Amino acid sequence: MTTTPRAVRRKTRPAAPPDPARPLLPASAQIRLLDPAGTLLPAHPDYPAPPVEVLVELYRRMVLGRRFDLQATALTKQGRLAVYPSARGQEACQVGAMLALRDDDWVFPTYRESMALTARGIDPVEVLTLLRGDWHCGYDPAVRRTAPQCTPLATQCVHAAGLAYGEAHQGRDTVALAFLGDGATSEGDFHEGINFAAVFKAPVVYFIQNNEYAISVPLSRQTAAPSLAYKGVGYGVPSERVDGNDPVAVLAVLTRAVAHARAGHGPFLVEAHTYRMEPHTNADDAARYRDADEVASWQDRDPVVRLETYLRDRGALDDTTVARVAAQAEEHAADLRERMHDKPTVDPMTLFDHVYAEPTPQLVEQRAQVRAELAADQEGAG
Amino acid sequence: MASMTMAKALNTALADAMLDDDRVVVFGEDVGQLGGVFRITDGLAARFGDTRCFDTPLAEAGIVGFAVGLAMSGLRPVVEIQFDAFGYPAFEQIASHVAKLRNRTRGALTAPIVIRIPYAGGIGGVEHHCDSSEAYYAHTPGLKVVTPATVADAYSLLRSAIDDPDPVVFLEPKKLYFASAETQLPARTEPFGRAVVRRPGTDGTLVAYGPAVPVALAAAEAAQAEGWNLEVVDVRTIVPFDDDTVAASVRKTGRCVVVHEAQGFAGVGAEIAARMQERCFHSLHAPVLRVAGLDIPYPAPMLEHTHLPSVDRVLDAVARLQWDDQPDERWVAA
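Protein sequences appear in the order of chains C and P.
Just so you know, we're using numbering that gives the first Met the number 0 here: the first sequence kicks off at 0 and counts up by one.
Just so you know, we're using numbering that gives the first Met the number 0 here: the second sequence kicks off at 0 and counts up by one.
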């Protein structure tokens, strides 16, 4: 990671006037730069394709991300994780969002963003701490500029608005990117968050991965709007829809959205149309709510294959590089397996840490009680 | 010494905190130009600018969630929830994020946020404006819950809340806003976690906080005429709770009545009563009693006087403290 400029406090950055080039309504069609077969479409006037070396890096991290995700699912089946919500099929969104940001920008992930967080460079074991069950968050959010993964669906939308406003208030040009799913757009906090961000011109990118289902409930039960990207209009927030399985388009659209926010134009909403190939989590049975044909139809739009095809056609990727990336992915997976093999030791006495800066007298009493219980257990065992 | 209202003391505390620390930002509904519906933020926007004290959209979850983000960026947010019952939309943000941020992140991120809430009744307010919501917050680990009963405490406890590294739900008794006392600011009183004896006594202990403290003091005065010399303990900080001071008083007097406005069932008074019987059983001459609001939705203004703990109701409870060593007839099986 690059070092974070911890700027001394300056006066509040003035918000820029509205970007006149930005209509509030999204384009009528999803932004798409590669067709599903991986062929480059005619250049889009608003969204130039990112440089090819960036796309090769995007490809590399998507391959690593997919392998990580498969490994995490396998670890769950082996009982190493309590639960794992897979993001397989959403690699373009998970990785593309991370490449659109600077290291000192802030990310507000949900529980489905484990792959994104590894793409951000966070140690996968630290990412999986929540799901392994030894603590609620394994990485240091302040150092990684990444909030703990959010399970209550949309509450992070408001935090992102506050963080982004607070950073601007202190003269820093940080952007916050908040992930959310299609179901979360029904939660009140999504609406309050985007409204606060808009009113205070907070530099936030709201990134909806619309993967068609909120556990089992299809999008048609979440909204009657023609697109989730339409939800920005009522808040005065420019919005865009993008083919979420087109890695080139996702990166291009998010890059522009981040630039819009960083320039002081306020928040931007992006809806990516994608699909989760796995059930909601390992504990879910997706066959109860979607049929195999539907899943198969998305298999044909695989984002990793799509980018690989394009880069090979451009001569930017060859067998050697593909094999090297695959080998690296295997190496990372083996390393993760190895490091997740042993159950972590957890110390019950840490239950009393971090409830308050200083424990209350009542917690001091309870800590003494638990310590005595543990000592008695040990004596009994010995 | 000047005569000062609690409202002015709170306003001064906010201004002094903003002056001392430019990380302190104050926001909420109508707190800017208007100065808040109770004028607690009066003049702050004009004095410190509208980046330090500002109005927000009318959305309580948004206000509290925004404060979480601001705290993550290094600021010290002080938010106002306009009325007690308007805080409920923010409950998820408070219970799941404000209270837990330190714990979830093992101290890497903290939420030094003050959530100011005008609360409780006695002002003839219509529904949704008079709730005593303290038990919801006190039941949530990670929060501190504070409620002043005196003008000096209003200033001092609010300054302490803003300086505190942990989130504080700061409950301001509406009916005491415009009660005044001779007070010299800046006053500093006892820290968080310390209850205070407001009236010494020997025969029984009245435990109260916030708007119930003046009721308890008035009851103690009236009881004097009946021959009972009662001690009054002001809890001040419900969390952290000062077991030691309250228990010392109860052990000394041997009798205890807890008084609060909130409905009694599963309320803070139940917790205090349980803690006192655990700690003082062998010193007690009578069961610990509670005088609380009725277990009803907060009533319409013309009926609230029947609901709220009154001096008479407190005296009735005191009379049942088995002075003649007879069991309370209400609990004797027929």
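Backbone N, C-alpha and C define an ideal beta-carbon position, used for all residues, glycine too.
Source: prediction; values computed, not measured.
Residue ranges of uninterrupted alpha helix (DSSP H) with 4 or more members, entirely inside the stretch 15-90 of chain P and ordered along the chain, are 43-47, 59-71.
Classified as exposed, P22(C) has fewer than 16 neighbouring CB atoms from the shown chains inside 10 Å of its CB. Under DSSP, the beta-bridge partners assigned to P217(C) are Y212(C). Under the Cβ criterion of 9 Å, C92(C) is not counted among the residues facing chain P. When C-beta atoms of the stretch 29-39 of chain C are compared with those of the stretch 52-69 of chain C, fewer than three pairs fall below 8 Å, so the two segments do not count as touching.
Taking 4 residues as the shortest admissible run, the stretch 144-223 of chain C contains the following complete alpha helix (DSSP H) segments, listed from N- to C-terminal end: 154-168, 187-198. In the structure shown, the three-state DSSP call for P300(P) is helix. For C92(C), there is no enclosing beta strand (DSSP E); the residue is part of the alpha helix (DSSP H) that begins and ends at 90-98.
With a beta-carbon spacing of about 12 Å, V238(P) and A194(P) fall beyond the 8 Å limit used to define contacts.
Ranked by how close their Cα comes to the Cα of A258(C), the residues E90(C), A99(C), D334(C) have A99(C) in first place.
Excluding five sequence positions before and after G266(P), the CB atoms of its chain that fall closer than 7 Å to its own CB belong to A134, H259, A291, given in chain order. A contact between stretches requires three or more CB pairs, one per stretch, nearer than 8 Å, and the stretch 32-47 of chain P fails this requirement with the stretch 180-197 of chain P. At least one CB atom of chain C sits nearer than 9 Å to the CB of Q92(P). Boundaries of the beta strand (DSSP E) harbouring A261(P): 255-262, taken from the DSSP string. Scanning chain C for C-beta atoms nearer than 7 Å to the C-beta of R103(P) yields H135, C136, P147, reported in chain order. From the beta-carbon of M17(P), no residue of chain C is found nearer than 8 Å; the closest lies around 14 Å away. Listed in chain order, the positions of the stretch 223-252 of chain P with a beta carbon within less than 9 Å of a beta carbon of chain C are V238, P239, F240, D241, D242, D243. The C-alpha of D318(C) lies about 53 Å from the C-alpha of V354(C). Using a Cβ-Cβ cut-off of 9 Å, Q169(C) counts as an interface residue toward chain P, since at least one Cβ of chain P sits closer than that to its own. Here K143(P) is buried. Its C-beta has 16 or more other C-beta atoms within 10 Å. Contact of D311(P) with chain C is not assigned, every C-beta pair being separated by 9 Å or more.
Counting only unbroken stretches of 3 or more residues, the beta strand (DSSP E) elements lying wholly within the stretch 118-176 of chain P are 143-145, 167-172, in sequence order. Annotation: A163(C) to R319(P) spans about 58 Å, alpha carbon to alpha carbon.
Against chain C, the CB of S159(P) has no partner CB under 9 Å away; the residue lies outside that interface.
According to the DSSP assignment, G64(C) belongs to the alpha helix (DSSP H) that extends over 51-76.
Look at the stretch 62-86 of chain P: the residues with a C-beta under 9 Å from a C-beta of chain C are I62, V63, G64, F65, A66, V67, G68, L69, A70, M71, S72, G73, L74, P76.
For a Cβ distance threshold of 9 Å, residue set D352, H353, A356 of chain C lies close to G106(P), ordered along the chain. Along the stretch 132-148 of chain P, the positions whose C-beta sits under 8 Å from a C-beta of chain C are P140, G141, K143, read in chain order.
In this structure, the alpha-carbon of A28(C) lies about 20 Å from that of G95(C). Taken through DSSP and simplified to helix, strand or coil, G37(C) comes out as coil.
F85(P) and I114(P) have their alpha carbons spaced roughly 12 Å apart. For W297(C), the enclosing alpha helix (DSSP H) starts and ends at 291-298. Assigned with DSSP and collapsed to three states, A285(P) falls in coil, not helix or strand.
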